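Peer 1: Residue numbers (this note's numbering): 457 to 737. Cβ coordinates follow ideal geometry from the N, Cα and C atoms, glycine included. Being a predicted model, the structure only gives us computed values, none of them experimental.
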Ligand SMILES: C[S@@+](CC[C@H](N)C(=O)[O-])C[C@H]1O[C@@H](n2cnc3c(N)ncnc32)[C@H](O)[C@@H]1O
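#1: Report the rounded CA-to-CA distance for residue 550 versus residue 671, giving the unit in angstroms.
#2: I need the boundaries of the beta strand (DSSP E) containing residue 699, first residue and last residue.
#3: For residue 548, count neighbouring Cβ atoms within 10 angstroms of its own Cβ and tell me buried if that reaches 16, exposed if not.
#4: Smallest Cα separation from residue 639: which of 498, 658 and 692?
#5: Is the beta carbon of residue 550 within less than 7 Å of some heavy atom of ligand 1?
#6: Please report how far the alpha carbon of residue 700 lies from the alpha carbon of residue 515, in whole angstroms.
#7: Give the straight-line distance between the Cα atoms of residue 511 and residue 577, rounded to the nearest whole angstrom.
#8: Measure the CB-CB distance between residue 622 and residue 732 and report whether it falls below 8 Å.
#9: Is residue 710 close to ligand 1? I mean its beta-carbon at under 7 Å from any heavy atom of the ligand.
#10: Residue ranges of each beta strand (DSSP E) run of no fewer than 3 residues wholly in the region 526-612, ordered along the chain?
#11: Report buried or exposed for residue 590, applying the criterion of at least 16 other Cβ atoms within 10 angstroms of its Cβ.
#12: Return the Cβ separation of residue 680 and residue 688 in integer angstroms, given the expectation that the two are a contact with Cβ distance under 8 Å.
#13: Which same chain residues, not among the five before or five after residue 617, have their C-beta less than 8 Å away from its C-beta?
#14: Assuming residue 545 and residue 522 make a contact with CB atoms under 8 Å, what is their CB distance in whole Å?
#15: Is residue 581 closer than 8 Å to residue 601 when the C-beta atoms are compared?
#16: What are the start and end residues of the beta strand (DSSP E) that includes residue 667?
#17: Can you list, in chain order, the residues of its chain whose CB lies under 6 Å from that of residue 646, leaving out five sequence neighbours each side?
#18: Excluding five sequence neighbours on each side, which residues of the same chain lie with their C-beta closer than 7 Å to the C-beta of residue 695?
#19: Around the C-beta of residue 461, are 16 or more other C-beta atoms found within 10 angstroms, so that it is buried, or is it exposed?
#20: Can the beta-carbon of residue 709 be found closer than 8 Å to that of residue 702?
#21: Around the Cβ of residue 685, are there at least 16 other Cβ atoms within 10 angstroms (buried) or fewer (exposed)?
#22: Under a three-way DSSP split, which group does residue 654 fall into?
#23: Using 8 Å for Cβ pairs, my map puts residue 614 next to residue 480. What's the rounded Cβ distance?
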C-alpha cells in the first residue's frame, strides 16, 4: 500500500531507474505521478495482493482488519439501501462487499488500469475515473464515504479532498478512511528488525518522491503527523468520532511490503479515521 512495493518490483519496470528522495511535490505533480504509477503497476499490485484483499472483502489495511468485523461505517445491517462513495477504490473489492450488504456503492479511482481490474473481477458496482480532489457528483449525493488507503496518502492537499467529500455527503454523513500510520515515517521501510530503529524525524513533512532522470515525480507519498491529520479532518468540516489503530492479529502471518508481524506487534501500521460531517445545529 505504499512505496515499499515499488522497490519489490520483480519485473524490472522503468521505475527501477527512479531515484527516491524527499522534496516538495504539489497537487498537480502528485496527481500526475499517482495516475501514472498506478496505471503502470496495477497489474502487479492485483497479482500480488488480490488474494489477500479478496474480490469482495472490505479490508482496511495490511493487518487484515475487516469491515464486517469492525463496523466502522456502522452495523452491516444498516448499510442496506445506503449510497456509499468509495474513494481510491482500486479494483473495487470494498465496494463489492458493500453491494453484497445491500448498499449502493460507487467506486471512484484515478487510475484507469485499476478500474479495468474492477471490470475484470466483475459485479454491478458503478465505476468512476476521477481525482479525489474534484469529485464529479452533486452536493449531498451519498450517505457514507470510505477509503482504504485510497488517495489520501498520495495527495498534496488532503483538506481539499475532505471538503469535496463533505460536499457530496448528506448531513451527518460518515467518512471513514485509512492511511499509513504517521509514526511509520520515522522508521525505515523494512519488515525485519532493521525496520525497528528510528531513522528520520517524525516531524519532517517533506514528501517522499521517486523521480525519473529528468526529475519528474513518478511516485509521491505525503506525510502528515497524527495531529496534522486531526486538524485536516476538522478543517475539512468533519468531527472525529474515532481513530482506530488496528493491532496485528495472530492469524495474519503475511507480510505486505514493510508491514510485517514483527513490526505490527510493536508499532501501529495503519490509522483509520472515523469522521462525521459537521453541520450547523
Ligand atoms: C493502495 S491503493 C488502495 C486501493 C484499494 N483500497 C486496495 O486496498 O487495494 C490506492 C489507490 O488510490 C488511487 N489514488 C491515488 N491517488 C488518487 C487520487 N488523487 N484520486 C483518486 N484515486 C487515487 C490509486 O489509483 C490506487 O488505486
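Peer 2: Based on what the coordinates show:
#1: 35 Å
#2: 694-700
#3: With 16 or more Cβ atoms within 10 Å of its Cβ, residue 548 is classed as buried.
#4: 658
#5: yes
#6: In a straight line, the C-alpha of residue 700 is about 14 Å away from that of residue 515.
#7: Each residue's alpha carbon lies about 7 Å from the other.
#8: No. Outside cutoff.
#9: no
#10: 539-543, 560-565, 583-585 and 598-604
#11: exposed
#12: The Cβ separation is near 7 Å, so the contact holds.
#13: 543, 588, 589, 607, 608, 611 and 692
#14: The pair is not a contact, with the Cβ atoms about 17 Å apart (cut-off 8 Å).
#15: No, these two residues do not count as a Cβ contact at 8 Å.
#16: 664-667
#17: 714
#18: 731, 732 and 734
#19: Summary for residue 461: the model assigns pLDDT 39, below 50, so the residue's position carries little reliability, and this model does not support an answer.
#20: no
#21: Residue 685 should be labelled buried.
#22: coil
#23: That pair is no contact at about 15 Å.
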